[in-house]
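Heads up: the structure comes next, in structure tokens.
Protein chains: 2
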Amino acid sequence: MDESQLLKGILEGCILSIIAKGETYGYEILSQLEEDGFEGLGEGTLYPVLTRLDKKGYILCRKAKSPLGPIRKYYSITENGKENLEKFKEVYKKMTQKADKILFCNDLNEEKGGDGIC
Amino acid sequence: MDESQLLKGILEGCILSIIAKGETYGYEILSQLEEDGFEGLGEGTLYPVLTRLDKKGYILCRKAKSPLGPIRKYYSITENGKENLEKFKEVYKKMTQKADKILFCNDLNEEKGGDGIC
DNA sequence: CACAACTACTTGACATAACAAAGTAGATGT
DNA sequence: ACATCTACTTTGTTATGTCAAGTAGTTGTG
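Protein sequence lines, in the order shown, are assigned to chains A and B. If you count by this note's numbering, then the first sequence holds residues 1 to 118, one letter each, in order. If you count by this note's numbering, then the second sequence holds residues 1001 to 1118, one letter each, in order.
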């Protein structure tokens, strides 16, 4: 059961969502993700996502000095990125609703979040 | 926004869950998934998953004639598979809870399912 | 001043899984 | 004979997360 496969696609949306809440930089995103329960994510996982989001035009990049280390790259979301984030949320919501139904609506009255999905 | 990436990992769990509900075969699983909202899944997507689940020992395979076509391969879940399915559900639940929090708990009181995630 | 420790980003090689497209083949009906 | 539906296989492509290693600026300790 490879957890990393489940992350695919989700991670990019989560990172875009974090940037949407305010300008931030890689290292901070990493600690934010850690705080949110996504532990053990390496830098080699995060930075390629940022590059990708930038290439797609979903975020803007601005370089600025750090008060305690090498140069930071600050990212902020673009209009294009905001639109994409909303689309992503819709797709994510639909996808998980479908999966929830198959996974948690068996013969028995199993439940996922406490609300009645079934 | 590539939907197929979001499917990764989820699909395997869903298919295992469908098999857990009773012995079935590929073509039937495909129509079941379609019924559950996973439309447009090709055979080239489904069958490799079944092979994988079989290799991992999560399902058993039995060949039998079809009343209306070529031979079918009937699959049923193993004890090992049942255990794995439960583990998968846990991992899936945790993962989506984390993602839900990041995606739907912004400054505004957005909501996902109607229950208070935030 | 040398060195460790923390911050911060980069790069390259790799594994996994979904997907498209094409193929093989049995059964049925016209 | 031919189309159609059922049913499974195979091959190559692509996207994305992951590991490992590297580069580099800043601060504090001995």
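Backbone N, C-alpha and C fix where the C-beta goes; we use that ideal spot for every residue, glycine too. Being a predicted model, the structure only gives us computed values, none of them experimental.
(message) Quick check: is the beta carbon of VAL49 of chain A nearer than 7 Å to any beta carbon in chain B?
(response) Residue-level contact by beta carbon fails for VAL49 of chain A and chain B, as no gap is shorter than 7 Å.
(message) Taking 6 Å as the cut-off, is the C-beta of GLU1034 of chain B nearer than that to any heavy atom in the ligand GTP?
(response) With respect to the ligand GTP, the structure shown offers nothing to examine, as it has no ligands at all.
(request) Tell me where the beta strand (DSSP E) around PRO1070 of chain B begins and ends. (result) Segment 1069-1077, the beta strand (DSSP E) holding PRO1070 of chain B.
(message) Could you check whether the segment 21-41 of chain A touches the segment 65-80 of chain A, counting it as contact only if at least three pairs of C-beta atoms, one from each stretch, sit closer than 8 Å?
(response) Yes: the two stretches touch, three or more of their Cβ pairs being nearer than 8 Å.
(message) Checking the sheet assignment: what are the DSSP bridge partners for ILE1059 of chain B?
(response) According to DSSP, ILE1059 of chain B bridges with B:ILE1077.
(message) Just to make sure I have the definition right: I need the residues of chain A whose C-beta is within less than 8 Å of the C-beta of LYS1101 of chain B. Which are they?
(response) Ordered by position in chain A, the residues that pass the 8 Å Cβ test against LYS1101 of chain B are ASP36, GLY37.
(request) Tell me, please, whether the CB atom of SER17 of chain A is closer than 7 Å to any CB atom in chain B? (result) So yes, SER17 of chain A belongs to the interface.
(request) Find the residues of chain A that neighbour THR1078 of chain B, judging by a C-beta separation of less than 8 Å, and give them in chain order. (result) Here the premise fails: no neighbours, minimum Cβ distance about 15 Å.
(request) Report yes or no: do three or more beta-carbon pairs, one from the segment 1002-1011 of chain B and one from the segment 49-59 of chain A, lie closer than 8 Å? (result) Contact fails: fewer than three Cβ-Cβ distances are below 8 Å.
(request) Say whether chain A places a C-beta atom closer than 7 Å to the C-beta of LEU1006 of chain B. (result) For LEU1006 of chain B, the answer is yes, since a Cβ of chain A falls inside 7 Å of its Cβ.
(request) Excluding the 5 residues preceding and the 5 following SER1066 of chain B in the sequence, name in chain order all residues of the same chain whose CB lies nearer than 6 Å to its CB. (result) Within the same chain, SER1066 of chain B has close Cβ partners ARG1072.
(message) Considering only their Cβ atoms, is the gap separating ILE1019 of chain B from ALA99 of chain A smaller than 7 Å?
(response) Going by C-beta atoms, ALA99 of chain A is not nearer than 7 Å to ILE1019 of chain B.
(request) Run down chain A in chain order and give the residues with a C-beta less than 9 Å from the C-beta of GLY1013 of chain B. (result) For GLY1013 of chain B, the residues of chain A that pass the 9 Å Cβ criterion are MET1, LEU6, ALA99, ILE102, LEU103, in the order they occur in the chain.
(request) Could you name the residues of chain B that GLY9 of chain A contacts, counting a contact when the two beta carbons are closer than 9 Å? (result) Listed along chain B are MET1001, ASP1002, GLU1003, SER1004, GLN1005, LEU1006, LEU1007, LYS1008, each with a C-beta nearer than 9 Å to that of GLY9 of chain A.
(request) For LYS1087 of chain B, name the three-state secondary structure that DSSP assigns. (result) Collapsing the DSSP output to three states places LYS1087 of chain B in a helix.
(message) Please report whether the beta-carbon of THR1024 of chain B lies at a distance below 7 Å from any beta-carbon of chain A.
(response) Chain A, which has no Cβ nearer than 7 Å to the Cβ of THR1024 of chain B, makes this no.
(request) Over the uninterrupted alpha helix (DSSP H) stretch that includes GLY40 of chain A, give me the two end residues. (result) Unbroken run through GLY40 of chain A: none, as it is neither H nor E.
(request) List the residues that DSSP assigns as beta-bridge partners of TYR1025 of chain B. (result) In the DSSP output, where bridge partners are listed per residue, TYR1025 of chain B has B:TYR1074.
(request) List the endpoints of the continuous alpha helix (DSSP H) containing CYS14 of chain A. (result) Where CYS14 of chain A is concerned, the enclosing alpha helix (DSSP H) stretches over 10-20.
(request) Under 6 Å Cβ to Cβ from LEU41 of chain A, same chain only, skipping five residues before and after it: list those, please. (result) LEU33.
(request) Could you tell me the distance, in whole angstroms, from the CA atom of LYS1089 of chain B to the CA atom of LYS1021 of chain B? (result) Rounded to whole angstroms, LYS1089 of chain B to LYS1021 of chain B spans 15 Å at the Cα level.
(request) Answer with yes or no whether the minimum CB distance from THR96 of chain A to chain B is below 7 Å. (result) Yes, contact with chain B.
(message) Can you tell me whether GLU1086 of chain B is buried or exposed? The criterion is at least 16 other CB atoms within 10 Å of its CB, across all chains shown.
(response) It is exposed - the Cβ of GLU1086 of chain B has fewer than 16 other Cβ atoms within 10 Å.
(request) Starting from the beta carbon of TYR1075 of chain B, find every residue of chain A whose beta carbon is closer than 9 Å, and list them in chain order. (result) Using a Cβ-Cβ cut-off of 9 Å, TYR1075 of chain B is close to nothing in chain A; its nearest Cβ partner there is about 16 Å away.
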